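> Sharing a structure with you now.
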């Protein structure tokens, strides 16, 4: 899609001007440009780079300084990207970009973490009589609306020839869902790591169905399109550092968990169990990942969860030079 086409689409949604204004700002000679990165507490690789000031060092030769902004979840992060308050994001779950696109966001896919389908799952209590997804019919199931867990549930129900109408959805945040799960207010919970590892280790949860064969659970890294087109050199540096961080995390599971556990408020063993299910393998965005993005968008649109249908292929994809 051309920049003009993106601009027309976003102007129609009242969203284009802030993004383009910020992206096209100019800098006086010698003045350092600021790269604004949004991340979440679960953004393992980007937080690793932040903790070591890796990007600050890597981007200094390009006269770029880094500014960090923490968000509680993926959707507010992408809203900030959309209105021009961010240039890049850390990883977000695979269900998040379709929501941003439906809102008219002018985003570029610049990297993914390869599939980690076992890092999210439908869980029940260990002593629950429920042994299959089909037995969730008529039961109350907790999950975060619009999250990757929501898509996994749709696919798991479809596999059992059920729909959301066959269960009682309980749209809850992870904290509220954990409390409801432990007191027996819901029969099942659809959740992702590290919350999944925590409830398995601390509340004796049993996996009923994970994402294998249903939902790949890729993690996506995104950029404001004007920034991606103006500073491909910056994206290239960030991309390479993310790849290196992912390699270190996987090659050093014990030290990585010990470093990350205090940041997540979990014990190191739980974090290590969660990290074992994530690939942390960063690569450029491929056709398979965009195809699944479209499937997710279509599934949410069919349930009237998205305000309109989106065409993922219209979004730019950054590739290294």
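In mature numbering (1 follows the signal peptide of the UniProt record, and there is no 0), the protein residues as written are -28 to -1, 1 to 293.
No residue lacks a Cβ here, since even glycine has one placed at the ideal position from N, Cα and C.
Quick caveat: nothing in here was measured; it's all calculated off a predicted structure.
Considering Cα atoms alone, identify which of 71, 17, 10, 82 is closest to residue 203.
Start at 1 with the first residue of the chain shown, and residue 203 comes out as number 231. The option with the nearest alpha carbon to residue 203 is 82.
> For residue 138 and residue 123, I'd like the C-alpha separation in whole angstroms.
Here residue 138 refers to the residue found at position 166 of the chain shown. Here residue 123 refers to the residue found at position 151 of the chain shown. Approximately 16 Å between the Cα atoms of the pair.
> Check residue 267 in the structure and name its three-state DSSP category.
For this step, residue 267 is matched to residue 295 along the chain shown. The answer is helix: DSSP assigns residue 267 an H, G or I state.
> Is the separation between the beta-carbon of residue 43 and that of residue 12 shorter than 8 Å?
Your numbering for residue 43 matches position 71 in the chain shown. Your numbering for residue 12 matches position 40 in the chain shown. Contact flag set, yes.
> Contact between the segment 99 to 108 and the segment 246 to 265: three or more CB pairs below 8 Å?
Judged by Cβ distances under 8 Å, the segment 99 to 108 makes no contact with the segment 246 to 265, as fewer than three pairs qualify.
> Over what stretch of residues does the beta strand (DSSP E) that includes residue 40 continue unbroken?
What you label residue 40 is simply residue 68 of the chain shown in a count that begins at 1. Segment 36 to 43, the beta strand (DSSP E) holding residue 40.
> Look up residue 231 in the DSSP assignment and say whether it is helix, strand or coil.
Working through the chain shown from its first residue, we reach residue 231 at position 259. In the structure shown, residue 231 sits in a helix (DSSP, three-state: H, G or I).
> Would you report the Cα separation of residue 345 and residue 152, rounded to the nearest angstrom?
Here the chain covers residues -28 to 293 and nothing more, so residue 345 does not appear.
> Starting from residue 174, follow the alpha helix (DSSP H) in both directions and report where the run begins and ends.
Counted from its first residue, the chain shown places residue 174 at position 202. From DSSP, the alpha helix (DSSP H) with residue 174 extends over 167 to 174.
> Taking only three categories from DSSP, how would you classify residue 295?
Because the chain spans -28 through 293 in this model, residue 295 falls outside it and cannot be assessed.
> Grab me the residues of residue 226's own chain with a C-beta within less than 8 Å of its C-beta, minus the 5 sequence neighbours each way, in chain order.
Along the chain shown, read from residue 1 onward, the residue named residue 226 stands at position 254. Answer for residue 226: 240, 244, listed in chain order.
> In this structure, does DSSP put residue 108 in helix, strand or coil?
Taking the chain shown and counting its residues from 1, the one referred to as residue 108 is at position 136. Helix, per DSSP.
> Output needed for residue 161: all residues of its chain with C-beta closer than 6 Å, excluding positions within five of it in sequence on either side, in chain order.
Mapped onto the chain shown, residue 161 falls at position 189. 95, 114, 149, 153.
> Quick check: the Cα distance between residue 142 and residue 36, rounded to an integer number of angstroms?
Within the chain shown, residue 142 is the residue found at index 170, counting from 1. Within the chain shown, residue 36 is the residue found at index 64, counting from 1. Approximately 45 Å, taken between the alpha carbons.
> Apart from the five residues just before and just after residue 209, which ones in its own chain have a Cβ nearer than 8 Å to its Cβ?
The sequence position of residue 209 within the chain shown is 237, counting from 1. Contacts found: 27, 30, 31, 34.
> Return the chain-ordered list of same chain residues with a C-beta closer than 6 Å to the C-beta of residue 215, the five sequence neighbours on each side being excluded.
By 1-based counting over the chain shown, the position of residue 215 is 243. Excluding residues within five positions, the ones whose Cβ falls inside 6 Å are 254.
> Taking just the CA atoms, how far does residue 85 sit from residue 292?
Here residue 292 is taken as the residue at index 320 of the chain shown, counted from 1. Here residue 85 is taken as the residue at index 113 of the chain shown, counted from 1. Each residue's alpha carbon lies about 16 Å from the other.
> How would you call residue 23, buried or exposed, if buried means at least 16 neighbouring beta carbons within 10 angstroms?
The residue given as residue 23 occupies position 51 in the chain shown. By the neighbour-count rule (16 or more Cβ atoms within 10 Å), residue 23 is not buried but exposed.
> Around the C-beta of residue 176, are 16 or more other C-beta atoms found within 10 angstroms, so that it is buried, or is it exposed?
Here the question's residue 176 lines up with position 204 in the chain shown. By the neighbour-count rule (16 or more Cβ atoms within 10 Å), residue 176 is not buried but exposed.
> Using CA atoms only, rank isn't needed, just tell me which of 231, 179, 166, 186 is closest to residue 21.
If you number the chain shown from 1, residue 21 lands on position 49. That would be 231, whose Cα lies nearest to the Cα of residue 21.
> State the Cα-Cα distance for the pair residue 40 and residue 186, rounded to the nearest angstrom.
Within the chain shown, numbered from 1, the residue matching residue 40 stands at position 68. Within the chain shown, numbered from 1, the residue matching residue 186 stands at position 214. Rounded to the nearest angstrom, the two C-alpha atoms are 34 Å apart.
> Let's test the definition: count the other Cβ atoms within 10 Å of the Cβ of residue 179 and tell me whether it reaches 16, buried, or not, exposed.
In the chain shown, the residue the question calls residue 179 occupies position 207. So residue 179 ends up on the exposed side.
> Below 8 Å between beta carbons: does that hold for residue 78 and residue 197?
In the chain shown, the residue the question calls residue 78 occupies position 106. In the chain shown, the residue the question calls residue 197 occupies position 225. Contact flag set, yes.
> Pick out whichever of 259, 133, 283, 145 has its Cα sitting closest to the Cα of residue 270.
Indexing the chain shown from 1 puts residue 270 at position 298. Considering only alpha carbons, the answer is 283.
> Would you list the one or two residues that DSSP bridges to residue 164?
Start at 1 with the first residue of the chain shown, and residue 164 comes out as number 192. Per DSSP, 92.
> Do residue 66 and residue 8 have their C-beta atoms closer together than 8 Å?
Mapped onto the chain shown, residue 66 falls at position 94. Mapped onto the chain shown, residue 8 falls at position 36. Not in contact: residue 66 and residue 8 (Cβ atoms no closer than 8 Å).
> Going by beta carbon distance, what residues of the same chain come within less than 6 Å of residue 193, once the five residues before and after it are set aside?
By one-based count along the chain shown, residue 193 stands at place 221. Excluding residues within five positions, the ones whose Cβ falls inside 6 Å are 63, 82, 83.
> With residue 112 and residue 140 assumed to form a contact (beta carbons below 8 Å), what rounded beta-carbon distance in angstroms separates them?
Walking along the chain shown from the start, residue 112 turns up at place 140. Walking along the chain shown from the start, residue 140 turns up at place 168. Residue 112 to residue 140, Cβ: 4 Å. Contact.
> So residue 182 is in the beta strand (DSSP E); what residue range does that whole segment cover?
Here residue 182 refers to the residue found at position 210 when the chain shown is read from its first residue. Here the beta strand (DSSP E) through residue 182 covers 177 to 182.
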